[in-house]
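A short worksheet on the structure shown next.
Residue numbers (this note's numbering): 146 to 285.
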């Protein structure tokens, strides 16, 4: 392999690996949101769900959690449910039961979700550079 080919492959791999965490993280965060609270969408945290633009107040709370990358489920539990998903409390007063009763929608139990991606990319880059050095060494 000549130097131009190795350089092109390394540059291409870096570009691909740089964009991969964002693409994988979007799905991971949404999966964690639905596992913890049952429903939600990209618009729960982003003003424009199709881009990584400005965040809603709930999205800012999530982003400010120090563990939101490593354990998104724990960060979601720490900030609570989004306002659209918050359980509603209703008061029922009838002739049969004159005292007030409260009912809440059931919130599913939190489960340990998979950690957000990121470490694999670092290992891939190290492997790619090692491969490029070995290829260069063999072509001398």
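Idealized CB from N, CA, C, for every residue including glycine.
Range of the contiguous alpha helix (DSSP H) that encloses residue i
i	result
residue 202	202-208
residue 218	217-224
Rounded C-alpha distance that separates residue i from residue j
i	j	result
residue 259	residue 215	Note that residue 259 has pLDDT 49, beneath the 50 cutoff, so the model's placement of it is unreliable and the number below is only indicative. Rounded to whole angstroms, residue 259 to residue 215 spans 9 Å at the Cα level.
residue 233	residue 151	Note that residue 233 scores 46 on pLDDT, short of 50, meaning its location in the model is unreliable and no value can be drawn from it.
residue 270	residue 159	8 Å
residue 207	residue 184	16 Å
residue 157	residue 191	30 Å
Nearest residue (CA-CA) to residue i, options the options
i	options	result
residue 220	199, 268, 227 and 210	210
residue 265	162, 223 and 226	162
residue 178	199, 271 and 218	218
residue 155	276, 227, 282 and 228	276
residue 227	212, 213 and 203	203
Simplified DSSP assignment, three categories, for residue i
i	result
residue 256	Reliability fails at residue 256, whose pLDDT of 48 lies under 50, so the model's placement of it is uncertain and the value that follows must be treated cautiously. It is coil, neither helix nor strand.
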